[in-house]
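Numbering (our numbering), first residue to last: 11 to 118.
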């Protein structure tokens, strides 16, 4: 089970798509997440890029916790296609950020 809300993931996806103007905001957002949320975010990205299967979520979470040596924002921002991987990870887990993204874009 992920320890981060789909809404928070949607926020991160949107900011990552506007990285040239929102990098500081994105870094601050990620830095303010709890440790559990940051671990879930990394595991979700790994699932989305195919490093783990959706059925291996617990293993991905354990690995993310054990291998957390770099600040999460630095690690994620250094990962090409982060927003795509997060969306793919949600989809693999049967979740979607599309509605939350639409609400955030509209300011809702």
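Glycine included, each C-beta is placed from N, C-alpha and C at the ideal position.
If you count every other CB in all the chains shown that lies within 10 Å of the CB of residue i, and 16 or more means buried, which is it?
| i | result |
| --- | --- |
| residue 115 | exposed |
| residue 82 | buried |
| residue 69 | exposed |
| residue 67 | buried |
So residue i and residue j are in contact, right, with Cβ under 8 Å, and what is the actual spacing, rounded?
| i | j | result |
| --- | --- | --- |
| residue 23 | residue 40 | Not a contact, Cβ separation roughly 12 Å. |
| residue 49 | residue 75 | 5 Å |
| residue 110 | residue 20 | 4 Å |
Leaving out the 5 sequence neighbours to the left and right, which residues in its chain are closer than 7 Å to residue i when beta-carbon positions are compared?
| i | result |
| --- | --- |
| residue 46 | 13 |
| residue 92 | 26, 55 and 86 |
| residue 107 | 16, 19, 20, 23, 97 and 100 |
Could you work out which residue in the options is closest to residue i when comparing CA atoms only?
| i | options | result |
| --- | --- | --- |
| residue 87 | 70, 34 and 98 | 34 |
In angstroms, rounded to a whole number, what distance separates the CA positions of residue i and residue j?
| i | j | result |
| --- | --- | --- |
| residue 80 | residue 18 | 21 Å |
| residue 53 | residue 65 | 12 Å |
| residue 44 | residue 71 | 14 Å |
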